[in-house]
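Structure first, commentary second.
Residue numbers (our numbering): 1 to 133.
See the structure below:
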């Protein structure tokens with residue numbers, strides 16, 4: 001996963017103009033110790049993954065990571081759609097960089113609604129999106 005996470009988050013860091021994204025600093029051990037649930041997408045090898053935490057009827061998506069070589073192949077959409085199908089009747093929340101237009105468009109296309117923008121570092125903004133499934 002780490003081998004996919006680093007190049008994917010480097011792209012996001014470029015999009016939002018901020019290289020302080022926490023996943024860029026994580027080690028393999030950090031990921032292994034995570035209390036998130038991970039779901040992978042494979043085509044002979046791991047192409048991408050989604051992770052989340054569940055609290056009652058809320059699913060908090062923590063990561064949606066696709067290797068840059070596999071961008072624009074529908075993998076992210078398939079991972080989100082699968083997760084939605086696993087938790088009918090749940091609420092979903094996700095946060096992405098405000099300037100990460102491709103991610104925001106993807107979530108909105110799947111029914112998520114932008115809720116608020118908030119500053120995470122000086123001049124660096126994130127957008128929270130929600131969906132009632």
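C-beta atoms are modelled at their ideal positions from N, C-alpha and C, and glycine is treated no differently.
With a cutoff of 8 Å on beta-carbon distance, residue 75 and residue 66 are scored as near each other. Put simply, the segment 79 to 95 does not touch the segment 20 to 29. Fewer than three CB pairs are less than 8 Å apart. Residue environment: residue 89 is assigned as exposed (fewer than 16 neighbouring CB atoms within 10 Å of its CB, all protein chains considered). Here the segment 88 to 106 lies against the segment 44 to 64, with 3 or more beta-carbon pairs under 8 Å apart. Ranking 36, 41, 18, 98 by CA distance to the CA of residue 70 puts 41 first. Ranked by Cα distance from residue 122, the options 37, 18, 27, 13 are led by 18. In the structure shown, residue 110 adopts coil according to DSSP, grouped into three states. For residue 10, there is no enclosing beta strand (DSSP E); the residue is part of the alpha helix (DSSP H) that begins and ends at 2 to 16.
Counting the other CB atoms within 10 Å of its CB gives residue 112 a total of 16 or more, which places it among the buried residues.
The Cβ neighbour count for residue 3, taken over all protein chains shown within 10 Å, is under 16; the residue is labelled exposed. The beta carbons of residue 128 and residue 95 sit about 5 Å from each other, so the pair counts as a contact at 8 Å.
Counting only runs of 3 or more residues that sit fully inside the segment 65 to 105, the beta strand (DSSP E) segments are 91 to 97, in chain order.
Going by DSSP, residue 29 is part of the alpha helix (DSSP H) stretching over 28 to 33. DSSP links residue 116 through a beta bridge to 128.
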